[in-house]
Structures are given as C-alpha cells and as structure tokens.
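Novice:
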Amino acid sequence: MNYVEQINKIKSLVEYYTCQFNQPISELLNNPSSEFKQSAYRLFYELIKFKNPSFCQEPHPINEVFSLIKRSISCTEHSEKSALECVERWWLEWYFTLEMDAKLASSITDIPASYVSSSTQHPMRKHELSHYARLFTVLPMPICNVCARTGDLLKVNQRFVDVFGYTLDEVPNLAAWWEKAFPDPEYRKSAKALWKNSLQFAKGNNNDIPANDYRVRCSNGSELVMEVSGIDNCDEFIAVFYDATERLKAQDILRDMAFLDSLTKIANRRRFDEQFAYEFERLKSSADKLSMIFIDVDHFKQFNDRYGHVTGDICLRDVAQKIAATVSRPEDFVARYGGEEFVVLLPQTDTHGALFIADQIQKAIEELAIPHQDSFTGVLSISMGVNTADANDDKLVFLKATDSALYYAKRQGRNCIALSSENL
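For the sequence shown, the residue numbers in numbering that gives the first Met the number 0 are 0 to 423.
1. Taking 7 Å as the cut-off, decide whether the C-beta atoms of A357 and V385 are in contact.
2. Would you mind giving the Cβ-Cβ distance between D231 and L198, rounded to the nearest angstrom? I have them listed as a contact below 8 Å.
3. On a CA-only basis, which of K248, R187, I6 is nearest S81? Give me that one, please.
4. Taking the DSSP output, what are the residues bridged to I322?
5. So, T17 versus S78, is the Cβ gap smaller than 7 Å?
6. Since R270 is in the alpha helix (DSSP H), which residue starts that stretch and which ends it?
7. In chain order, which beta strand (DSSP E) runs of at least 3 residues are fully inside the region 189-241?
8. In angstroms with no decimal places, state the Cα-to-Cα distance between F35 and W194.
9. Would the region 292-311 count as touching the region 236-245 if we require 3 or more Cβ pairs under 8 Å?
10. If I follow the unbroken alpha helix (DSSP H) through F35, where does it start and stop?
11. V64: beta carbon under 6 Å from a heavy atom of the ligand ATP?
12. Quick check on the burial criterion: 16 or more other C-beta atoms within 10 angstroms. Buried or exposed for L262?
13. Does the region 163-177 come within contact of the region 212-223, defined as at least 3 CB pairs closer than 8 Å?
14. Can you tell me whether T244 is helix, strand or coil according to DSSP?
15. Where do the N-terminal and C-terminal ends of the beta strand (DSSP E) with F293 fall, by residue?
16. Cα-Cα, which of F65, F159, N156, P209 is closest to S33?
17. Which term fits L153, buried or exposed, when burial requires 16 or more other beta carbons within 10 angstroms of its beta carbon?
18. For Y277, count neighbouring C-beta atoms within 10 Å of its own C-beta (all shown protein chains included) and say buried if the count is 16 or more, exposed if not.
19. Taking all protein chains shown into account, do 16 or more other C-beta atoms lie within 10 angstroms of the C-beta of L367, making it buried, or fewer, making it exposed?
20. Please give me, in chain order, every unbroken run of the beta strand (DSSP E) with length at least 3 that falls completely inside the region 299-371.
21. Counting C-beta neighbours from all protein chains within 10 Å, is the total for Y44 16 or more, i.e. buried, or is it exposed?
22. Can you check DSSP and say which residues form a bridge with I68?
23. According to the neighbour-count rule (16 or more other Cβ atoms, all chains shown, within 10 Å of its Cβ), is Y15 buried or exposed?
24. I need the DSSP call for I6, collapsed to helix, strand or coil.
25. Given a threshold of 16 other Cβ atoms within 10 Å of its Cβ, counted over all protein chains shown, does F181 qualify as buried or as exposed?
26. Between the beta-carbon of Q350 and the beta-carbon of T387, is there less than 7 Å?
27. Looking only at C-alpha atoms, which of G307, G311, F341 sits nearest to A323?
28. So, is Y336 buried or exposed, given that buried needs 16 or more other C-beta atoms within 10 angstroms?
29. Closest to L379 by CA distance: which of T310, L418, F65, M225 is it?
30. Figure out for me which residue from K191, K8, E63 has the closest Cα to the Cα of S38.
31. Whole-angstrom Cβ separation of T325 and Q359, contact assumed at under 8 Å?
32. Straight-line CA distance for Q120 to E178?
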C-alpha cells in the first residue's frame, strides 16, 4: 500500500513540534493533553480512521508507515527520534482501539490456550474472543486485557508471555500479577498507587491511561523497566507495555551531558549543587563528617595572557583530570566550581583525612610540571581551602567558611593549603 501522504504529514508534524516549541521535549511528550498529542490524534483521525482499514491487516499498517518513515529520514536529533517513537506508540494504541470496536463476521477461536482465560463462563470472555482474539496475536508489544469489575486478566498476547514469562494460569488476575511482577512489598504498594492514579486520571478526563515507568520482575528473576500506558473502556481496560530501557539510557546520557563540564569532562557547578545538597541532607541524620576542599589555580589570568586561551583550556582540563584521578574513592566527588576553581566533596572524612587528600592533590599538580613563568615556582600551582562539617552545621555557612579558607591561602602567598577557622 502507498503511504506517501501519511509519511509526509507525520514527518511534518514531528519536525514542526520539535523545532518550533521551546519547552523540553519530555514535557511535550509526557503531557496527555498537550497540543502535540491532540495534533497527532487529529492527523490519525484524518489519515487512518476514515480509511476503514481491514481488520488485522498484514503487514500492520501503522508498523508499515513508521518503518517507512524511519528508513526515509535520519533523526539525528534526540528530540525528533523521541517524538517519532511517541507518535508511533499513540497511533498503535488508537488503531488498536479501532480494531477492538470492529465487528467480525465470524467468531474467531484459534487462539492459544496459554494466553486466553480459562474462565469460559466469564461475562466478558465471549465478547472478547469474538472481537479481539486475532488482534492480540499480531501486535508487537506485550498487552493484557483486564476486567475492571473483577480484576481478572481476560487475555494476554503471546508477546506478553514471551517478555514476562507468565501465562494466564500463573497470573489469572491482578492480585497474582502484582504479587509475582512486583515482589517487593514497598515497591508494589507504590506501583499499585501509581497505576490507580493513572486509571482515575483516564476516567476523570475521558482520556488514555497515561504512561508511567514500572520495574517488572519476570518469571526468570530478571527485571525490566516497562513504560505502561493503556486504554480505559469502562468495564475493562487494556494495558500496553513498552520496553523503556533504550529511552532511559538516552535520558541518562542527556542527564550526564547536562551535568558534565564540557571543557574539563568532570561534573559542573549545577551537578555540584545537587550533590552538595544531597550530602548535607544525609549528614543531618548521621554521626559522620563531611569535608570539602576548594581549589583555585594560582595566577591563572596571567597564564592565559602569556600562553593564550587554548593553552589555558588544556591546562584546566589537565588539572581537573589530575584532581579527579587523585580523589579515587567511589563516594568522593570532584567538580568544576567555575572558571579556574574546583571543588572536592569528601563524605565520611574528618579534617585530618581532608588535609591528607589536599596534600596529595597538591603533589599531583606539582608532578604535572606545567610551565608558568608568572609563578614564583616556575610551574603551575594551586591554593586550597579545607573545611569539615557535622550534623550541627549550616550548609551555607559551611560553604562560605570553606571559601574564606581558600582566600586566606591565596593571601598567604598561594601554593598552600589553609584550614577553615571553624576547624581550629
């Protein structure tokens, strides 16, 4: 079948919303009432709904359309790729709803027993078998059909069995599903509450069941992060599962990029602020110490003026990497604080331990032996301020005191380590 019209309009829709709108792409995609989703549905309604596609048409028309789109364009931007994948998921769900509503000329009974409910007298089952049975065998993602009144799983497709390893004999109802797929009681409680809220949102807004991520335990003991959304049809609902692994990996990469200093390849100030707040909050409920070292490259302006900004950038990168290599415990944290300043967080470290680490950092920078004619040592040097906090300290006071220790070191002639007066 020729899908040129559909392909061109979908491509235009994705390009328009990813290029013209300033809001983050995640907000655009996760908002169930967004203009983007409404536009995607209007386009679906225009191109698909009135075309009266054949029931269980093969190849699946939605899969075929998006397969052609992916072959015809190269989504180099993460936002475009995410938007296209989201539209594909929506269209599959909406097309699924159309096919569920379609009347079959004859009853279909050739459905594997492993994923049809054994409750043959269930009031929903005959209706389900005559309308949806074949549909469940051809859709490419795990799907389950649930009776809202009883909580019985009326049907799951073969993909559900393949991915999770559970048949209807093993999970005949929601109670069994929650017990097996969410074995941790605390997480099960939060997952059930999230799903309940999603169902209530769908009913209250006459909308789809919004997507959320859930950690699902498979029958073999492995765990998958699945994005679960669905369709609410009053007496029943359809839950649709998408593997969220690749999306989460992409989000992790983007998050790392957002928190990574592009020059030095260590954490940036924004990431430090987040980590510092976390460590200080943790400090309040423990008897541990938290130490911090502020580091400043001595006479860096003169270094830039003499050797140029390109050499200055290389210098900062080398210094940052050397500090990060010296501070080697997994719980320790190194970031670029700004300009030629760096900061080191040392959880569970007292003043003596922090001074030892500062001394190691100073020796490591000396070993770099970066020439600096404006330094009295002839090589690049650093100044450091050291401070240690406990549960009784104030975060901002602690930060300011550490900064004061650094500037005291600079006033003493640089190339030295100063301990905050709070620790004396």
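Think of the CB as a built atom: it goes at the ideal place given N, C-alpha and C, for glycine as much as any other residue.
Specialist: Let me lay it out:
1. In this structure, A357 sits near V385, with a CB-CB distance shorter than 7 Å.
2. Yes, they are in contact, since the Cβ atoms of D231 and L198 sit about 7 Å apart, within 8 Å.
3. If you compare the alpha carbons of K248, R187, I6 with that of S81, the shortest gap goes to K248.
4. The partner list for I322 (beta bridge, DSSP) is empty, contrary to what the question assumes.
5. Against a cut-off of 7 Å, the Cβ pair of S78 and T17 comes out as a contact.
6. R270 -> alpha helix (DSSP H) spans 268-283.
7. As for any beta strand (DSSP E) of minimum length 3 sitting wholly inside the region 189-241, the runs are 208-216, 222-231, ordered along the chain.
8. In this structure, the straight-line span from the alpha carbon of F35 to that of W194 is close to 24 Å.
9. These segments do not touch.
10. 34-46 is the extent of the alpha helix (DSSP H) around F35.
11. The ligand ATP is absent from the structure shown, which contains no ligands of any kind.
12. Its Cβ having fewer than 16 others within 10 Å, L262 is exposed.
13. Touching, yes.
14. Three-state result, T244: helix.
15. Here the beta strand (DSSP E) through F293 covers 289-296.
16. The shortest Cα separation from S33 among F65, F159, N156, P209 belongs to P209.
17. Buried.
18. Per the 10 Å Cβ criterion, exposed.
19. By the 16-neighbour rule on beta-carbons within 10 angstroms, L367 is exposed.
20. Segments of the beta strand (DSSP E) lying fully in the region 299-371: 332-337, 340-346.
21. Classification for Y44: exposed.
22. DSSP lists no partner for I68.
23. Its Cβ having fewer than 16 others within 10 Å, Y15 is exposed.
24. Note: I6 maps to helix in three-state DSSP.
25. The residue in question, F181, is buried, as its Cβ has 16 or more Cβ neighbours within 10 Å.
26. The question names Gln, but residue 350 in the sequence shown is Thr. Against a cut-off of 7 Å, the Cβ pair of T387 and T350 comes out as a contact.
27. Minimum Cα-Cα distance from A323 among the listed residues G307, G311, F341 corresponds to F341.
28. Residue environment for Y336: buried (at least 16 other C-beta atoms within 10 angstroms of its C-beta).
29. It is T310.
30. Per the C-alpha coordinates, the member of K191, K8, E63 positioned closest to S38 is K8.
31. The pair is a contact, with the Cβ atoms about 5 Å apart (cut-off 8 Å).
32. Low per-residue confidence applies at Q120: pLDDT is 40, beneath 50, and the placement is therefore not dependable, though the value from the model is reported in the following sentence. Q120 and E178 have their C-alpha atoms some 25 Å from each other.
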